[in-house]
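Following: one structure in structure tokens, then a few remarks.
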Amino acid sequence: MRIRQIVLAAHDLPAGRAALAALLPLGAPFRDPGVAEFGIDNAVFGFGDQFIEVISPTRADTACGRHLARHGDSGYMLILQTDDFAREQARWAALGVRTVWNTTYPDITAAHLHPKDVGGAIVSVDEPRPAASWRWGGPDWQVQPGALGRQRVRGITLRATDPQALAQRWAQVFDRPAPAATANAWRVLLDDGFADFVAASAGRDGVAGFTLAVADPDAVLGAARAAGLPCQGRQVELLGTQLQLESL
157 MRIRQIVLAA HDLPAGRAAL AALLPLGAPF RDPGVAEFGI DNAVFGFGDQ
207 FIEVISPTRA DTACGRHLAR HGDSGYMLIL QTDDFAREQA RWAALGVRTV
257 WNTTYPDITA AHLHPKDVGG AIVSVDEPRP AASWRWGGPD WQVQPGALGR
307 QRVRGITLRA TDPQALAQRW AQVFDRPAPA ATANAWRVLL DDGFADFVAA
357 SAGRDGVAGF TLAVADPDAV LGAARAAGLP CQGRQVELLG TQLQLESL
């Protein structure tokens with residue numbers, strides 16, 4: 157159970173796509189025509205063997221549009237990779253966790269879990285076949301050479317009015333070890349990553365940010381300052397989302 161893709165929602169897709177590309181050394185994005193089913197347009201960037209996606213609504217009354225109306229530009233979704241989708245399904249059924257969207261192709265099976273049954277974010281769990289493939293990255297994606305190809309999405313940070321309870325729910329839904337208390341969060345370990353849960357003020361539940369291991373944090377911070385993005389230490393705010401930078 158590892159992070160394979162993260163998703164940011166933006167009112168202005170071209171501006172959001174350009175801002176992300178100016179911040180991180182990324183290749184050309186893939187535009188997935190299949191997301192029109194959800195009333196959105198997107199740009200999917202490869203990041204190591206993971207992916208960072210920016211989405212925007214293309215019609216009224218979409219989940220993305222309602223999210224933007226409540227939260228503005230912000231973190232939106234997490235896609236986790238499993239090696240056994242049937243096992244996950246059986247556990248969700250036992251826990252009463254519903255799905256709101258399911259699909260199966262020869263190379264991948266995926267399900268979006270009901271947000272009310274998980275909490276914190278929209279989460280999809282996908283099983284690609286073979287495991288190193290990823291349909292949502294487009295037919296031609298490749299891992300970048302050198303250090304850029306070793307970059308990682310290390311973690312997600314979620315705000316919750318009861319972070320311990322939400323962390324316990326995630327550990328249950330995704331079959332992870334019990335949450336552990338850190339200095340300011342409850343942490344659920346994923347494979348090669350983590351989900352942190354921090355206290356939120358009323359009405360501010362949701363994705364607070366992501367932790368990225370990048371090839372050159374100082375270069376990313378320089379790009380952020382040049383673009384006028386808010387920075388504090390090794391943290392950059394992009395599209396209403398806090399990106400915590402780590403070295404590889």
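In the numbering used here, the protein residues as written are 157 to 404. The beta-carbon is built from N, C-alpha and C at its ideal position, and this holds for glycine as well.
**Prompt:** Taking 9 Å as the CB-CB cut-off, is Ile-278 touching chain B?
**Reply:** Structure shown: chain B not included; a single protein chain is present.
**Sequence-distant residues of the same chain with beta carbon closer than 7 Å to Ala-334, five excluded per side** = Ala-327
**Request:** Whole angstroms is fine: what's the gap from Phe-203's alpha carbon to Ala-288's?
**Result:** 14 Å
**Asked** Alpha carbon to alpha carbon, how far is Ala-336 from Leu-234?
**Response** 21 Å
**Request:** Mind checking which residues open and close the beta strand (DSSP E) that includes Leu-314?
**Result:** 308-316
**Message:** Suppose you measure from the CA of Glu-402 to the CA of Ile-196; what does that come to, to the nearest Å?
**Reply:** 31 Å
**Message:** In the DSSP assignment, the alpha helix (DSSP H) including Pro-213 goes from what residue to what residue?
**Reply:** Not the alpha helix (DSSP H): Pro-213 falls in the beta strand (DSSP E), residues 206-213.
**Item:** Cβ neighbours of Leu-377 in the same chain (closer than 8 Å, five flanking residues each side left out)
**Value:** Cys-387, Arg-390, Val-392 and Leu-401
**Request:** Apply the 10 Å Cβ neighbour rule to Thr-367 and answer buried if 16 or more other Cβ atoms are within range, or exposed otherwise.
**Result:** buried
**Prompt:** Which of the three DSSP states, helix, strand or coil, is assigned to Leu-269?
**Reply:** strand
**Item:** Rounded straight-line distance, which links the Cα of Thr-265 to that of Arg-291
**Value:** 10 Å
**Prompt:** Leaving out five residues before and five after Ala-206 in sequence, what residues of the same chain have Cβ atoms less than 7 Å from its Cβ?
**Reply:** At residue 206 the sequence reads Gln, which differs from the Ala that was named. Correct list, in chain order: Ile-159, Arg-160, Gln-161, Arg-308 and Val-309.
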